[in-house]
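**Student:** This is the structure I have questions about; it appears just below.
2 protein chains.
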Amino acid sequence: MLLDSIRTQLDSLSKSERKVALAVLDHPGQTVSQNITALAKSAQVSEPTVVRFCRTLGYDGWHEFKLKLAQGLALALPGLNEQPTQDDLAADLVNKICSRSINTLLDLRNNLDPEAIQKALDILSKANKIEFYGQGTSGIVAADAQHKFFRSGVPTVAYADPHIHSIAAALLRAGDAVVAISQRGNSPSLVRSIKLARRGGADVIVLAPSGTPLADLATVLIPIDLIFNIDPYTPISARLAYLVVIDVLAVGLALQRGPEFRKKMQNAQKALQEFDLQFDSFIG
Amino acid sequence: MLLDSIRTQLDSLSKSERKVALAVLDHPGQTVSQNITALAKSAQVSEPTVVRFCRTLGYDGWHEFKLKLAQGLALALPGLNEQPTQDDLAADLVNKICSRSINTLLDLRNNLDPEAIQKALDILSKANKIEFYGQGTSGIVAADAQHKFFRSGVPTVAYADPHIHSIAAALLRAGDAVVAISQRGNSPSLVRSIKLARRGGADVIVLAPSGTPLADLATVLIPIDLIFNIDPYTPISARLAYLVVIDVLAVGLALQRGPEFRKKMQNAQKALQEFDLQFDSFIG
DNA sequence: TAAATCGTGTAGTAAATTTACAGTTACATC
DNA sequence: GATGTAACTGTAAATTTACTACACGATTTA
Numbered sequence: 001m002l003l004d005s006i007r008t009q010l011d012s013l014s015k016s017e018r019k020v021a022l023a024v025l026d027h028p029g030q031t032v033s034q035n036i037t038a039l040a041k042s043a044q045v046s047e048p049t050v051v052r053f054c055r056t057l058g059y060d061g062w063h064e065f066k067l068k069l070a071q072g073l074a075l076a077l078p079g080l081n082e083q084p085t086q087d088d089l090a091a092d093l094v095n096k097i098c099s100r101s102i103n104t105l106l107d108l109r110n111n112l113d114p115e116a117i118q119k120a121l122d123i124l125s126k127a128n129k130i131e132f133y134g135q136g137t138s139g140i141v142a143a144d145a146q147h148k149f150f151r152s153g154v155p156t157v158a159y160a161d162p163h164i165h166s167i168a169a170a171l172l173r174a175g176d177a178v179v180a181i182s183q184r185g186n187s188p189s190l191v192r193s194i195k196l197a198r199r200g201g202a203d204v205i206v207l208a209p210s211g212t213p214l215a216d217l218a219t220v221l222i223p224i225d226l227i228f229n230i231d232p233y234t235p236i237s238a239r240l241a242y243l244v245v246i247d248v249l250a251v252g253l254a255l256q257r258g259p260e261f262r263k264k265m266q267n268a269q270k271a272l273q274e275f276d277l278q279f280d281s282f283i284g
Numbered sequence: 001m002l003l004d005s006i007r008t009q010l011d012s013l014s015k016s017e018r019k020v021a022l023a024v025l026d027h028p029g030q031t032v033s034q035n036i037t038a039l040a041k042s043a044q045v046s047e048p049t050v051v052r053f054c055r056t057l058g059y060d061g062w063h064e065f066k067l068k069l070a071q072g073l074a075l076a077l078p079g080l081n082e083q084p085t086q087d088d089l090a091a092d093l094v095n096k097i098c099s100r101s102i103n104t105l106l107d108l109r110n111n112l113d114p115e116a117i118q119k120a121l122d123i124l125s126k127a128n129k130i131e132f133y134g135q136g137t138s139g140i141v142a143a144d145a146q147h148k149f150f151r152s153g154v155p156t157v158a159y160a161d162p163h164i165h166s167i168a169a170a171l172l173r174a175g176d177a178v179v180a181i182s183q184r185g186n187s188p189s190l191v192r193s194i195k196l197a198r199r200g201g202a203d204v205i206v207l208a209p210s211g212t213p214l215a216d217l218a219t220v221l222i223p224i225d226l227i228f229n230i231d232p233y234t235p236i237s238a239r240l241a242y243l244v245v246i247d248v249l250a251v252g253l254a255l256q257r258g259p260e261f262r263k264k265m266q267n268a269q270k271a272l273q274e275f276d277l278q279f280d281s282f283i284g
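Protein sequences appear in the order of chains A and B.
Read in the UniProt record's numbering, the first sequence has 152 at position 152, and its numbers run on one by one without any break.
Read in the UniProt record's numbering, the second sequence has 81 at position 81, and its numbers run on one by one without any break.
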């Protein structure tokens, strides 16, 4: 990106232009919010020198340079560019947590196995009945999944209570499908329910770290191997990964059911939206 | 992102400001390279109207608006906004949905206002009682918030049922805090409850798109201006943004309560983890 | 029907960016 | 070693750009 381009061209710049370059590299975030006068001052050069610097890099002038820099920063991952302003807790917090979450998803994009997704979609698209089981935090993921699938026109149920899902699991038959969600993959009661489900002939899609007891019971395993941080103040960004996988499954299933089905759902959605405007929002 | 924020606020704009909005939406790419005069001309309004338009959207002026727009466009990578088609392989699906989610979070990182977060944290750290209200999809976010705050050692409650939260809201007093979560910002029953809460003297932190009825009722508004796509098969990645904001608040609150408190919680967490290994996982 | 509020454009002002020019330095040539 | 040339850099003026103050007109309210 732009900052890298500045770095590589550092040698071919004149003395004063290099001052500008270093000032920009030092505080890229500030640079985009400053005007040319402020940058000139902090680089201890004159304004025209800054303009010449921009031109040397191939831009029309200060405005275009600033714009391109801003765009580059929007995409850049943190840590590299800006040292966090230590005194500003909130800004630092926002930056760190967002960045960590982004990294989690980047990681997911690289490691999520499309083949497993495809197998899972095959199972789901043929299933008579789809149930989501998850406890604690994963119970929320399961509830989210139910919501998403429902909005995609696929009725499902989600259970977070061990007693309930063990009963539900015992009622499953061949042709039914369960999605078991667990961040640890070792919840005994969930494992028990999944065993019951399999005994009844149901297919089980597991979202859990690989190598866990739950993972071993899967018909299809979608492994989610992220660091589970012990520090309680670390945001549990792993949850985001689970939610995105659920997104993938919901969208994939909807697509697999074909465009007609899709059209029908769009209409339903539209009707719902008009309703919302007058009454209560279902969407929230 | 910004363009979506413009779309959602289209109704609350005046006639001339809407002209500006439409001109921007029509040619966002041109807008960033143009100056205010050119935009005013193509929207057939005067320059001050453009400035007022920028201010209405919450920006300092034309410069800031243009910069943010440029950053938003940089994130709108080509191909990402295309709807996934049925021909897509699972790999494509994974890639697209992950990328879209990543962009949502990049956007959030660029636009989330640390000042608003700080104000929210100030309120939360002083609050006697913290409640989360959200309906439908946002009800899940509220439940998630309750979970996270609980794990940070802060007892809270979350309500998704309109009747329940209206009763709860009526019982609030000065010194209490509500976090209202809404992806639309116009749910009548939620608005009603929030009005009750404010009447009782409670502070209200709102997570919703800016310019919405709910946003106007906030003591502190944390605006989340992301796409609300009508197509039901588009992943609702906005939810990720909400979850991350909740993360930020939960972690921030824990940090603000000091290191001793933090230590205590770490121990509690550790104990819980050991317990989990033998019995049922609380974490999921 | 009058008053008031909101929205909009005109014209003037302030600010920022760019251009023109001139002084300085570094290097090459005689 | 002196002189000329070319490249850099800053000062100051010019121009563009964004913003403010004010006034007119429309729409709403009393």
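Every residue, glycine too, gets a C-beta built ideally from N, C-alpha and C.
1. Between residue 317 of chain A and B/L22, which are expected to be in contact by the criterion C-beta below 8 Å, what is the C-beta distance as a whole number of angstroms?
2. Identify, in the order they occur along the chain, each residue of the same chain with its Cβ nearer than 6 Å to the Cβ of B/A143, setting aside the five sequence neighbours on each side.
3. Flag B/H147 as yes if its beta-carbon sits less than 8 Å from any beta-carbon of chain A, otherwise no.
4. How do the stretch 100 to 118 of chain B and the stretch 119 to 138 of chain A stand: do at least 3 beta-carbon pairs fall below 8 Å, yes or no?
5. Report the residue from B/K129, B/S42, B/G185 whose alpha carbon sits nearest the alpha carbon of B/N225.
6. With DSSP run on the structure shown, which of helix, strand or coil describes A/A127?
7. Report yes or no: do three or more beta-carbon pairs, one from the stretch 250 to 257 of chain A and one from the stretch 140 to 155 of chain A, lie closer than 8 Å?
8. Report yes or no: do three or more beta-carbon pairs, one from the stretch 192 to 211 of chain B and one from the stretch 1 to 21 of chain B, lie closer than 8 Å?
9. By DSSP, does A/T85 sit in helix, in strand, or in coil?
10. Taking only three categories from DSSP, how would you classify B/G175?
11. Find the nearest neighbour of A/A169 within the set A/L73, A/K66, A/A197, judged by alpha-carbon distance.
12. Assuming A/I194 and A/I222 form a contact by the criterion Cβ under 8 Å, report the distance between their Cβ atoms to the nearest whole angstrom.
13. Please classify B/G79: does DSSP put it in a helix, a strand, or coil?
14. Would you mind stating whether B/A70 and B/V32 have Cβ atoms separated by less than 8 Å?
15. Counting contacts by CB-CB distance shorter than 8 Å, is B/L2 in contact with chain A?
16. Among residues of its own chain, excluding the 5 on either side of A/Y59, which ones have a beta-carbon nearer than 6 Å to its beta-carbon?
17. By the three-class DSSP mapping on this structure, what secondary structure does A/D216 have?
18. Just confirm the distance between the C-beta atoms of B/G139 and B/S182, as a whole number of angstroms; I'd bet it's less than 8 Å.
19. Taking the continuous beta strand (DSSP E) assigned at B/L243, which residues delimit it?
20. Identify each residue in the stretch 193 to 219 of chain A for which the Cβ-Cβ distance to at least one residue of chain B is less than 9 Å, and report them in chain order.
21. Once the 5 residues before and after A/L108 are set aside, which same chain residues still bring their CB inside 7 Å of it?
22. What in chain B is Cβ-close to residue 287 of chain A, meaning under 9 Å?
23. To the nearest angstrom, report how far apart A/L207 and B/R55 are at their CA atoms.
24. Consult DSSP for A/L10 and reduce its assignment to one of helix, strand or coil.
25. Unbroken alpha helix (DSSP H) runs of length 4 or more, entirely within the stretch 12 to 81 of chain A: which are they?
26. What residues in its chain sit with their C-beta under 6 Å from that of A/S189, if we drop five residues either side in the sequence?
27. Return the CA-CA distance between A/I97 and B/Q44, expressed in angstroms with no decimal places.
28. Would you tell me roughly how many angstroms separate the C-alpha atoms of A/I130 and A/N95, rounded to the nearest one?
29. If you check the beta carbons only, do A/L105 and B/S101 fall under 8 Å apart?
30. At least one CB of chain B closer than 8 Å to the CB of A/G61: is that the case?
31. What first and last residue would you give for the alpha helix (DSSP H) that runs through A/R160?
32. Put B/L3 into one of helix, strand or coil per three-state DSSP.
33. Could you compute how far the alpha carbon of B/T137 sits from the alpha carbon of A/K41?
34. Comparing the C-beta of A/A109 with each C-beta of chain B, is any distance below 8 Å?
35. Which residue marks the beginning of the beta strand (DSSP E) containing B/A208, and which one marks its end?
36. Please look up how many angstroms separate the CB atoms of A/A180 and A/A127, rounded, as I've assumed it's under 8 Å.
**Tutor:** This is what the structure holds:
1. Limits of chain A in this structure are 1 at one end and 284 at the other, which puts residue 317 of chain A out of reach.
2. A distance below 6 Å between beta-carbons, with the five flanking residues on each side excluded, links B/A143 to the following residues of its chain, in chain order: A158.
3. Closer than 8 Å to the CB of B/H147 there is at least one CB belonging to chain A.
4. no
5. It should be noted that the sequence gives Asp, not Asn, for residue 225 of chain B. Nearest option by C-alpha distance: B/G185.
6. coil
7. yes
8. Contact between the stretch 192 to 211 of chain B and the stretch 1 to 21 of chain B is present, because at least three Cβ pairs lie under 8 Å.
9. Bear in mind that a pLDDT of 48 at A/T85, under 50, signals an unreliable position, so the number given afterwards is only what the model happens to contain. Three-state DSSP puts A/T85 in coil, outside helix and strand.
10. coil
11. A/A197
12. Their Cβ separation, rounded to whole angstroms, is 14 Å, which puts A/I194 and A/I222 out of contact at 8 Å.
13. In this prediction, B/G79 has a pLDDT of 44, which is less than 50 and means its spatial position is unreliable; what the coordinates show is noted afterwards. Here B/G79 sits in coil by DSSP.
14. In this structure, B/A70 lies near B/V32, with their beta-carbon atoms less than 8 Å apart.
15. no
16. F65
17. helix
18. Between B/S182 and B/G139 the Cβ distance is about 10 Å, and since that is not below 8 Å, they are no contact.
19. Counting along the chain, B/L243 falls outside any beta strand (DSSP E), though it belongs to the alpha helix (DSSP H) covering 238 to 256.
20. none
21. Exclusion of the five residues before and after A/L108 leaves A241, V244 as the residues of its chain whose Cβ lies within less than 7 Å of its Cβ.
22. This structure cannot speak to residue 287 of chain A, because chain A is shown only from 1 to 284.
23. C-alpha of A/L207 to C-alpha of B/R55: approximately 46 Å in a straight line.
24. Of the three classes helix, strand and coil, the one that applies to A/L10 here is helix, per DSSP.
25. 15 to 26, 28 to 33, 36 to 43, 47 to 56, 62 to 75
26. P162
27. 43 Å
28. 38 Å
29. Cβ distance < 8 Å, so A/L105 and B/S101 count as in contact.
30. For A/G61, the answer is no, since every Cβ of chain B falls outside 8 Å of its Cβ.
31. Reading the sequence as shown, one finds Ala at residue 160 of chain A and not Arg. Segment: none, A/A160 is in no alpha helix (DSSP H) and carries neither H nor E.
32. helix
33. 50 Å
34. Here residue 109 of chain A is Arg; the residue named in the question, Ala, does not match the sequence. At least one chain B Cβ lies under 8 Å of A/R109.
35. It spans 203 to 208 - the beta strand (DSSP E) in which B/A208 sits, taken as one unbroken run.
36. Their Cβ separation, rounded to whole angstroms, is 14 Å, which puts A/A180 and A/A127 out of contact at 8 Å.
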